[in-house]
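For reference, the structure is listed below as structure tokens.
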Amino acid sequence: MATTAPFPMIPFPLPFYDSYEIDPQWQLKFTVIWASVLGVATILSLPAIFRSIHPKRILVGLLGIRECNAAKNYAPVSSLECDVPALVLSDSRRRNRVYGFFRAIGSICHLTPPKLGLNLSHMVLIGAYLGLLGYCIGQEARLMENPNRAGFMALAQLPIVFLFGTKNSVLSLLLGPGNGYERLNFIHRWSGRGMFFAALAHGSLWIRNRVRWGRGVVGSPKAITGLAALILLCVIVLTSLPIFRRLLYRFFIVTHIVAYVAFAITIFHHTSFAGLWLYPPILLYAADMLLRFFKYRVKDAQLIAIDDQMTLIRVPDCDAGWEAGQHVQLRVFFRNRFMESHPLSIVTAPPSTSCISNEGIVLAVRACGDWSKALNEYANSDAQQSHVSALTLKAESELATGFPEVPIRVMLDGPYGGCSINLGRYENVLFLAGGSGATFTISLLDDLVARCAKLRRPGDEKTNRIEFVWCIRSFDAMEWFAPLLATIVDTAMKSTLDLHISIFVTSLRSLLPDVTLPNTDIRVGRPSISALLRSFASMLHGPNRALTDKELAMPPQYGGVAVCASGPESLTREAANAVVQVNLSQGIRLGGIALHTEKFSM
């Protein structure tokens, strides 16, 4: 009897991949994850936010720099008959080993390799971000056949790019003082690159498939707008590279704005799914521009050309609305350069917490680019023809240079940024500055000395010892800020505050100027930041007494050390690495070392 073969089984049909249904779900997952991480960061920042409420730091500058008549009712230091504050022996001397241990371990995040411009915490965050992005693009996706997932994920990054790219972002409030746009901008740059790589994967695979199937690359409005959007992203990313920002800053700014507007228009016409992800960036940018509108100030100012390398800008009638260490975006109405805006640190603290009896703000511009050189040339040329009386140098600390003033009109946008640590909470403070980076540290020094020596420590400031280190290329640079430093030192000498200044001159291209600064050492050569920090840490018993081996082995007795470094990337990197080394070896004994860096580069 013949046997019949079984009927063949029909294979289960392959599941249909609906990218328009599945891929938006991965957009949502990606958004939920990064938003959750941001929420955790906000929660971890709550202690810093609460600490900033008492000194009213959290809302300083929210509506811009202003004129406050009450700020003028102060007296110069020489006219004050105040008690000299006694040496503060703070409760912070009883910090335990646990606090010092966690501070030392946490300092590892500051490790900074050369050339990258990123520290360890930045690299970990960027690596996690790109890893999450890659996972969301590749997981359960058939990119070779349908590369839509990469395109969807490119769109999902638009809110991140704008959230971390606007100057008046809500993140500056959520993450606490000192976390302005300039410290968050690295996420803006890398999320933009992530968006570009996702769009490149989407576009290149789409072109590959069109060629493979024998269909034209350009043949429909969807294809044309997609290619245009990809080309615009290429332009944005390439012109955002550091070399373009340094050499062609104005071109970078104009290209950035125009190309992003064009990209938004083309991507909106490319896919109907773009609108959902374009509306949040538009709202963020609109909010940023609205807050900028409230911060804009058009003021009369004076240009003072100290030499062919430095130009001071004095803006009177600005007495409040900023804190030490902040900066403004400045436009100067001269020649045809009124469209350019540049960030400049405010050299002095507000009059209410300043050693310097000067009404207004002072900005410093070093002639290192085409705009700054043109400004210096304008100040020099007009000063020779001007009959405006020069400022006079007075012992009462009024800002003075003896150089002619050139009247000018400026527009201020700010303030922004600031110091991320409250220096008054630390008994020992070390300032490190390179070149024009001193504009940032002098402002903080002015504020700290005024609070401790002039205002009788209104916020229970604990600082007893300050070392100010300034590295300059030539002796001529000492004239830039000599009157300001002399005033600050004079104020400190009227109290028990121990302030010492060290100036390192790395080149002998000029002679020593006729400048006298008390409590100041001038040395020739490039210092070792690590050696400076170790020396400072070992001298906490006094300026002329190092610690013994027995004292080095004792439990923590000191109220911590704060280090503020500003200047070129090489200096801030060396300072960060030095803090990590000393924190791991002596941080527990010292009560922890806090660090804030301000990099002066494009």
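Going by the numbering used here, 782 is the number at position 525 of the sequence shown; the sequence numbering is gapless. Ideal Cβ placement from N, Cα and C applies to all residues, glycine included.
In the three-state reduction of the DSSP assignment, I613 falls in the coil class. Apart from the 5 residues on each side of it in sequence, I493 sits with its Cβ closer than 6 Å to the Cβ of A516 in its chain, given in chain order. Distance from the CA of L505 to the CA of P607, rounded to the nearest whole angstrom, comes to 34 Å.
Ranked by Cα distance from V686, the first of L462, I723, D670 is I723.
With 16 or more other Cβ atoms inside 10 Å of its own Cβ, G848 counts as buried.
Contact check between the stretch 559 to 571 and the stretch 613 to 633: three or more CB pairs, one atom from each, fall below 8 Å, which counts as touching. Counting other Cβ atoms within 10 Å of its Cβ, L828 reaches 16 or more and is therefore classed as buried.
Burial of Q284 is indicated by the presence of at least 16 other C-beta atoms within 10 angstroms of its C-beta. Rounded to the nearest whole angstrom, the CA to CA distance from N637 to F307 is 47 Å. In the structure shown, the three-state DSSP call for N425 is coil. With contacts defined as CB atoms closer than 7 Å, V839 and A794 qualify as a contacting pair. Secondary-structure assignment with DSSP links W727 through a beta bridge to A690, I760. The bridge partners DSSP lists for Q566 come to none. With distances taken between CA atoms, R780 lies nearest to F732 out of N403, G435, F732.
Linking F725 to M796 through their CA atoms gives a straight-line distance of about 15 Å. Less than 7 Å divides the Cβ of M668 from the Cβ of V555. Here the alpha carbons of S629 and E597 stand approximately 11 Å from one another. Note on geometry: alpha-carbon atoms of Q282 and V289 lie some 11 Å from one another.
Annotated three-state conformation of S823 is strand, per DSSP. Residues of the same chain with a CB within less than 6 Å of the CB of A305, apart from the 5 flanking positions on each side, are G433 in chain order. For P775, the CB contacts under 6 Å within the same chain, skipping 5 residues up- and downstream, are V746 in chain order. Only exposed fits S764, as fewer than 16 other CB atoms lie within 10 angstroms of its CB. In the three-state reduction of the DSSP assignment, V667 falls in the strand class, which pools E and B.
Taking every protein chain shown into account, the CB of Q414 has 16 or more other CB atoms within 10 angstroms, so this residue is buried.
Between R323 and A577, the C-beta spacing is below 7 Å. Taking each of F454, G321, D574, G675 in turn and checking the Cα distance to S614, the smallest one comes out for D574.
Rounded to the nearest angstrom, the gap between the Cα atoms of I561 and G437 is 29 Å. Secondary-structure assignment with DSSP links V555 through a beta bridge to M668. Between L548 and N425, the C-beta gap is smaller than 7 Å, which places the two residues in contact.
Setting aside the 5 residues that flank it on each side, F525 is surrounded in the same chain by A531, G532, L535, each with a C-beta closer than 7 Å to its C-beta; the list follows chain order. Nearest to S609 by alpha-carbon distance, out of D778, S823, S700, is S700. Secondary structure of I322 (DSSP, three-state): coil. Going by beta carbons, V837 and S364 fall inside the 7 Å limit. Out of S497, M410, W463, the CA that lies nearest to the CA of R446 is found in S497. Annotation: I603 is outside any beta strand (DSSP E) and is labelled neither H nor E by DSSP.
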